[in-house]
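Colleague:
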């Protein structure tokens, strides 16, 4: 298990133990709030099957809420404010959940006492958990300040700017535990005596989990070169930072982390909170599972129609580039003849003779995309997100808009802002134009935006405006 995984387990174990303690203490308080005609001793009450079941299950449900809230996503990036706000908010939700699941049936006639018990429950859930988190976070900060916990970091660049960034970080080495272990030659020139690391060696160190952070600070990088570097490091699951002056080359809102008083821009993740990302994933799983079940008869009818219309399989698979540059096979109903791309990748156009009769109907109503609910269910895609492209077209788009690499910070979607606006792109220029909307989306991810995009997509399906 990685150090980050171990730290995450420390938080989860602390939360689970202290949630159990809080719930047990509350059950004692709850016992003494019951009517005086309760005949059994407190030991008998605490050993009731329903009480024991609650002791086992309810803390786990609270842990689930904390996980969805995103508290465990970045175990080393904690602050006192994060701990207080997250603990207070999720504990309040947990208390309400437990109250309506268990306590609402207690025979306590006084309404005021019910409110008091709810407040006591929140207090007994929040205070012990926060105390545990305070201790775990404090131990991490002590380990960093004492130099016992360090995060290997590479600086991409060999010039004066890269050296200056590294020097400013090294002056206060205990601020975030960044440990500069070397410089990477972005242009491949490792120096006469090999003083700089090659890009291949740097990627290998990141891939093996030795390096946790990469700082892009090469003063000679243009937009295309910066995009190339992002394309190399984004799939490797490391934190990527950029010097502020390079950041101006990309049309994104800044997410600045203060590293030893050096404001580096975190470019390795989209502008979406951990809670939003987790809840979005939960929603994706639930909606895609429901769609796969309810639309099963529709799938069968379409599959039969596709097979009857032209020779070949009912379904079509194609490799696309997805989250953090991972390749995956997208699933669709086949809308073209089987030899449609015998001469190589081609985009569809008006009156495209490669499209079958049934395929034209499916594309008009976007029904050919329905099998992608499976891609959503298994985590390769999301309901809403930038449309995944083939590597061939990504290279063509990158020549005109290198920032296309940033789309891989989020899961690609079954539908997107760009698809609502443009539908199927007929050429690379339209793909670039559609890219602007996808870039706006990844910086404005929210349930409200997702809902509006889904409503527009439903309208497109119902009115047949898919072409």
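Residue numbers (the numbering used here): 69 to 535.
For every residue, glycine included, the Cβ atom is placed at its ideal position computed from N, Cα and C.
In this text the structure is predicted, and so the values were computed from the model without any measurement.
1. What does a CB cutoff of less than 6 Å around residue 122 pick up in its chain, not counting 5 residues either side in sequence?
2. Of the residues 119, 201, 100, which one's Cα is nearest the Cα of residue 155?
3. Would you list the residues sitting across from residue 388 in a DSSP beta bridge?
4. Quick one: what does DSSP say residue 309 is sitting in, helix, strand or coil?
5. Consult DSSP for residue 273 and reduce its assignment to one of helix, strand or coil.
6. By DSSP, does residue 449 sit in helix, in strand, or in coil?
7. For the beta strand (DSSP E) that residue 247 lies in, which residues bound it at each end?
8. Pairing CB atoms from the segment 428-436 with CB atoms from the segment 508-524, are three or more of them under 8 Å?
9. So the alpha helix (DSSP H) residue 112 belongs to, where does it begin and stop?
10. In terms of DSSP beta bridges, what is residue 283 paired with?
11. I'd like the span of the alpha helix (DSSP H) that includes residue 483, first residue to last.
12. Measure the C-alpha to C-alpha separation of residue 327 and residue 237 and round it to an integer number of angstroms.
13. Ordered along the chain, which non-local residues of its own chain (more than five positions away) have a Cβ less than 6 Å from that of residue 211?
14. Return helix, strand or coil for residue 512, following the three-state DSSP convention.
15. Is it true that the segment 400-407 meets the segment 342-350, where meeting means three or more beta-carbon pairs spaced less than 8 Å apart?
16. Just verifying my parser: in three-state terms, what is the DSSP assignment at residue 409?
17. Per DSSP, which residues does residue 457 bridge with? Please list them.
18. Tell me the residue span of the alpha helix (DSSP H) that contains residue 149.
19. Beta-carbon within less than 6 Å of residue 509's beta-carbon, same chain only, minus the 5 sequence neighbours each way: which residues are those?
20. Check whether chain B comes within 9 Å of residue 277, counting only Cβ atoms and requiring the distance to be less than that.
21. Rounded to the nearest angstrom, how far is the Cβ of residue 565 from that of residue 307, given a contact under 8 Å?
22. Might you give, ordered along the chain, the residues of its own chain that have their beta carbon closer than 7 Å to the beta carbon of residue 107, omitting 5 neighbours on each side?
23. What are the start and end residues of the alpha helix (DSSP H) that includes residue 80?
24. For the alpha helix (DSSP H) that contains residue 237, what are its first and last residues?
25. Use the C-beta contact count for residue 421: other C-beta atoms within 10 angstroms, 16 or more gives buried, fewer gives exposed.
26. Starting from the C-beta of residue 86, find all residues in its chain whose C-beta is less than 6 Å away, skip the five residues before and the five after it, and write them out in chain order.
27. Cβ of residue 298 within 9 Å of Cβ of residue 511?
28. When you compare the segment 389-397 with the segment 370-379, are there three or more beta-carbon pairs, one atom per stretch, that lie closer than 8 Å?
29. Identify whether residue 278 lies in helix, strand or coil by the three-state DSSP scheme.
30. I need the DSSP call for residue 141, collapsed to helix, strand or coil.
31. Should residue 514 be labelled buried (16 or more other beta-carbon atoms within 10 Å of its own) or exposed?
Modeller: Walking through what the data contain:
1. Cβ contact annotation for residue 122 (same chain, cutoff 6 Å, sequence separation greater than five): 170, in chain order.
2. 201
3. The partner list for residue 388 (beta bridge, DSSP) reads 396.
4. strand
5. helix
6. coil
7. 246-252
8. The segment 428-436, when compared against the segment 508-524, does not touch it at the 8 Å Cβ threshold.
9. 110-114
10. 223, 309
11. Premise fails: residue 483 lies in the beta strand (DSSP E), 481-483, not in any alpha helix (DSSP H).
12. Confidence at residue 327 is low in this model, with a pLDDT of 48, below 50, so the placement of that residue is unreliable and no value is reported for it.
13. 217
14. It is coil, neither helix nor strand.
15. no
16. coil
17. 389
18. 148-169
19. 485
20. Although the question refers to chain B, the structure presented lacks it and comprises just one protein chain.
21. Since the first and last residues shown for the chain are 69 and 535, residue 565 lies out of range.
22. The predicted position of residue 107 is uncertain, since its pLDDT is 49 and thus under 50; a value taken from the coordinates is nonetheless stated next. Answer for residue 107: no residue qualifies.
23. Judged by DSSP secondary structure, residue 80 falls within the alpha helix (DSSP H) whose first and last residues are 71-101.
24. 228-239
25. exposed
26. 196, 197, 200
27. no
28. No, because fewer than three Cβ pairs between the segment 389-397 and the segment 370-379 fall closer than 8 Å, the two stretches do not touch.
29. Residue state, collapsed to three classes: coil.
30. Secondary structure of residue 141 (DSSP, three-state): coil.
31. exposed
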